[in-house]
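The numbering used here applies: residue 429 is where the sequence shown begins, and numbers increase by one. Every residue, glycine too, gets a C-beta built ideally from N, C-alpha and C.
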Amino acid sequence: MSEANPTVQKHGPKALGLAEFSALMAFLISMVAMSIDIMLPVIDVVGAELGASGKNSSQMIILFLFVGLAFGQLIYGPVSDTTGRKPAILTGLVIFFIGTVLAIVAKDFNAMLAGRFLQGLGAAAPRIVSMAVVRDLYSGRAMAQVTSVIMGFFIIVPALAPAIGQGILMVAEWRMIFYVLLGQAVLCALWFGLRQPETLHPEYRRPLSLLNILKGAWEVLTIRISFWYTIAAGIIFGAFVGYLISSPQIFEDLFGITDTFPFYFGALAISIGAASLFNVRLVVRLGMRRLCVTALSFQAIISLIFFGIAMLNGGMLSLPLFMIWAASAFFLMGFLFGNFNAIAMEPLGHIAGVGSAMVGGMSTFISLGIGGMIGNAYNGTVIPIIGGFALLGVLAILVMKWADRER
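Structure below.
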């Protein structure tokens, strides 16, 4: 598909302004990030209190949310193509609310994992259907620009969430964190329900049937660009998931950082947001594909260099060197999230709900498997993380080249 001639389509007389729309979409999408990042400083505490077998087992508190997210994305997209975007998102927020309550009252580790699964299942609705809302209104480079603006708002959450979790743990028990998540769910429901008009036109609604879902899924699987860019997104996001679930152990075990962990995590998250803001202009000048290849190439090269340094030092890096690598890798990753999604979704405007479900679900399942392997491979060194970024960066480039081979 051509990247030229960005298309913007505003539906309805009550369409929100770009600033409010972007902030609202970021707030909805951030349900997932908030639910993950606010827990990072406390997962070992929660795991120990509820009977997890060890620190690596405590990672399941994060992974089970991703499992629910992956399944939920496959459900809400097709549902939103039938009912409209608003009912699907509001239903997901109700499920998220129920999962959060279950986590609050959990007495053992299995109950906590069940609550986290339901949180992910519910948060999938605002996460995936919000992207269908964006695709209803924008396409092409305009969609990539809007997505980058949304990411600029969104990055505030992972920058602040760990500090919020750490702060809560200083003055209250960890269960209070879930009350904060309840509050976000209520605010999302009120803001979205009262302010955002329905974006799916009646003529684009599709009857909810297995045949229609399979037809839509088949389109995603057979449109070369959509399929392979979804694979590439899953591969590179898998590296990031591996970092997410390992980061508390890395900072505590390798660098002795506990109380100040949220500030280091937040600083690295800001680098992703900064890239997203640069992307708003660069995507117009360079195009989405060229920008993605350039960012991935630099990320792979930088990771290979630091991987070599770590190998020469027994798998270890000093804290300054690790922060330099991570800030560089995450900054470059900030150019990928919005662009990969925009490229994959570009041919799928007529089935934005099913399309966003397939793109989001497939990429999440891939990243979940890869991230889980990286997290489980954590061995007290930086080798699994940095090596994963290097290897997966190269693999994602090869997948992109394969996807664009017949363009």
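Note down, in chain order, each residue of its chain lying with its Cβ closer than 6 Å to the Cβ of residue i, except the 5 sequence neighbours on either side.
i: ILE802; result: GLY670, PRO812 and GLY816
i: PHE606; result: THR528, ALA531 and ILE532
i: GLN487; result: ILE673 and GLY803
i: ALA772; result: SER654, TYR657, THR658 and VAL787
i: VAL827; result: TRP656, ILE659 and ALA660
i: PRO586; result: ALA461, ASP465 and ALA697
i: GLU448; result: none
i: SER558; result: MET453, LEU456 and ILE457
i: SER450; result: VAL577, ILE578 and PHE581
Kindly list the residues whose CB is nearer than 8 Å to the CB of residue i, restricted to its own chain and excluding five residues on each side of it in sequence; keep chain order.
i: MET744; result: LEU682, ALA738, THR809 and VAL810
i: ALA551; result: MET459, VAL460, SER463, LEU493, GLY496, LEU497, GLY500, GLY520 and PHE524
i: LEU710; result: LEU719 and PHE763
i: GLY479; result: ASP536 and PHE537
i: GLY621; result: LYS514 and LEU518
i: MET540; result: VAL474, LEU478, ILE489, ALA531 and ALA534
Under DSSP, the alpha helix (DSSP H) around residue i begins and ends at which residues?
i: MET467; result: Taken as a continuous stretch (DSSP letters only), MET467 belongs to no alpha helix (DSSP H), as it is neither H nor E.
i: VAL692; result: Per the sequence shown, the amino acid found at residue 692 is Tyr instead of Val. Where TYR692 is concerned, the enclosing alpha helix (DSSP H) stretches over 689-714.
i: GLY520; result: 513-533
i: TYR671; result: 652-677
i: ARG623; result: 604-623
i: VAL756; result: Note on identity: in this sequence residue 756 is Ser, with Val being the wrong assignment. Note, SER756: alpha helix (DSSP H), 747-761.
i: GLN487; result: Segment: none, GLN487 is in no alpha helix (DSSP H) and carries neither H nor E.
i: ASN767; result: 765-773
i: GLY479; result: Where GLY479 is concerned, there is no enclosing alpha helix (DSSP H), given that its DSSP letter is neither H nor E.
i: VAL810; result: Where VAL810 is concerned, there is no enclosing alpha helix (DSSP H), given that its DSSP letter is neither H nor E.
i: LEU588; result: 584-599
For residue i, name the three-state secondary structure that DSSP assigns.
i: LEU826; result: helix
i: TRP646; result: helix
i: TYR632; result: helix
i: ASP536; result: coil
i: ASP681; result: helix
i: SER430; result: Bear in mind that the predicted position of SER430 carries a pLDDT of just 40, short of 50, making it unreliable; the figure below should be weighed with that in mind. It is coil, neither helix nor strand.
i: THR575; result: helix
i: PHE817; result: helix
i: GLY445; result: coil
i: TYR504; result: helix
i: GLY440; result: Model confidence at GLY440 stands at a pLDDT of 44, short of 50, so the residue's coordinates are unreliable; what they give is reported in the following sentence. Three-state result, GLY440: coil.
i: ASP832; result: coil
i: GLY548; result: helix
i: SER744; result: According to the sequence as given, residue 744 is Met; it is not Ser. DSSP places MET744 in coil when its eight states are reduced to three.
i: ALA805; result: coil
i: SER725; result: helix
i: THR627; result: coil
i: SER637; result: coil
i: THR510; result: helix
i: THR395; result: Residue 395 is absent from the model: the chain starts at 429 and stops at 835.
Comparing C-alpha positions only, which one of the options sits nearest to residue i?
i: ILE825; options: LEU502, GLN612, LEU628 and ALA661; result: ALA661
i: GLY694; options: MET751, THR722 and PHE735; result: MET751
i: ALA645; options: MET786, GLN487 and ILE466; result: MET786
i: GLU680; options: TRP619, PHE765 and LEU747; result: LEU747
i: THR722; options: GLY505, ARG634, PHE537 and LEU760; result: LEU760
i: LEU696; options: THR686, VAL712 and PHE668; result: PHE668
i: MET716; options: PHE734, GLY766, LEU749 and PRO690; result: GLY766
i: MET604; options: MET790, ALA534, PRO515 and PHE734; result: ALA534
i: SER508; options: SER784, ILE489, VAL474 and ILE730; result: SER784
i: LEU642; options: SER450, LEU714 and ILE503; result: ILE503
i: ASN769; options: TYR566, LEU446, GLY684 and SER699; result: TYR566
i: ILE798; options: ASN484, SER481, LEU491 and LEU468; result: LEU491
i: TYR632; options: LEU588, ILE779 and LEU452; result: ILE779
i: VAL712; options: ALA570, LEU549, ALA560 and SER450; result: ALA570
i: SER795; options: GLY684, PHE665 and LEU639; result: PHE665
i: TRP753; options: GLY736, SER731 and ASN741; result: SER731
i: GLN612; options: ALA589, GLU601 and TRP602; result: ALA589
i: LEU636; options: ALA560, ASN741, PHE735 and VAL782; result: VAL782
Less than 7 Å between C-beta atoms, sequence neighbours within five positions excluded: which residues of the same chain meet that for residue i?
i: LEU823; result: ILE663
i: ALA542; result: LEU530
i: VAL708; result: GLN573, SER576 and VAL577
i: SER725; result: ILE825
i: PRO554; result: LEU456, ILE457, MET459, ILE517, GLY520, LEU521 and CYS616
i: PRO775; result: MET429, ILE651, ILE653 and SER654
i: TRP830; result: TRP656
i: LEU546; result: GLY496, ILE523, ILE526, GLY527 and LEU530
i: PHE758; result: LEU696, SER699 and ILE700
i: VAL562; result: MET453, MET571, VAL574 and THR575
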